[in-house]
Each structure stands twice: as C-alpha cells, then as structure tokens.
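Colleague:
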C-alpha cells in the first residue's frame, strides 16, 4: 500500500534530496538508513511514481553493494517506507 501526503506526491519526491529508508530484516527488526534517491513518473507503478536509490561507490563495510543489508532486506521483503522531511528551524 502506498500512502502519499496531500498534494501532488511527485512534487514532494522531486524536491527532496535525501530520505530515510526503512526496511525489515529477515528477523523482523526495522532497519533505517539515510539514502539519496530519484523519483520518476511511471504509469505502471502504484500511484504513478517509481523511486530509485542508487548504490554508490562510497566506502562500505562490504565490498559487493548488492550484499548490503538494505538490499538483502528488500530482496526478502519488498515492503519499505521512506521518510522525507521538510522542516524549518524557525
């Protein structure tokens, strides 16, 4: 199930640069990780939006990016959540 905020969700997704991705480990524990992402219109996707998060070349604890915990989590259970924040200190 996709839950989008009021207003055009693609607009919100295209203005944010980072998000917090929440996945579920195979033991059922939530795993949160900051990610960068890109959102694109896709008529075949739920609510017409598809979100991509690249696996960059920054140093990681593992040499193969496909063995990252978040990648394993999504492969085992594709249910994820992304938190995009828009706030002001004022």
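Numbering (the numbering used here), first residue to last: 1054 to 1143.
Note that CB positions come from ideal geometry on N, CA and C, so glycine has one too.
1) Which of the three DSSP states, helix, strand or coil, is assigned to residue 1124?
2) Quick test of the definition: if touching needs 3 or more C-beta pairs under 8 Å, does the region 1090-1104 touch the region 1114-1129?
3) Could you check how far apart the C-beta atoms of residue 1068 and residue 1085 are, in whole angstroms? I think they sit under 8 Å.
4) Report the residue from 1108, 1112, 1094, 1116 whose alpha carbon sits nearest the alpha carbon of residue 1065.
5) Would residue 1076 be called buried (16 or more neighbouring beta carbons within 10 Å of its own) or exposed?
6) Go ahead and label residue 1129 buried or exposed: buried means 16 or more other beta carbons lie within 10 angstroms of its beta carbon, across all protein chains shown.
7) Quick check: the Cα distance between residue 1046 and residue 1109, rounded to an integer number of angstroms?
8) Any beta-carbon of chain B closer than 8 Å to the one on residue 1098?
9) In or out: residue 1092 buried (at least 16 other Cβ within 10 Å) or exposed?
Modeller: Taking the definition as stated:
1) The three-state secondary structure of residue 1124, taken from DSSP, is helix.
2) Touching, no.
3) Not quite, the Cβ-Cβ distance comes to about 22 Å (not below 8 Å), so this is no contact.
4) Closest option to residue 1065, judged by alpha-carbon separation, among 1108, 1112, 1094, 1116: 1094.
5) Looking at its Cβ environment, which holds 16 or more other Cβ atoms inside 10 Å, residue 1076 is buried.
6) Counting of Cβ neighbours within 10 angstroms places residue 1129 among the exposed residues, the total staying below 16.
7) Past the edges of the chain, shown from 1054 to 1143, lies residue 1046, and the structure says nothing about it.
8) Absent from the structure is chain B; it holds one protein chain and no more.
9) It counts as buried.
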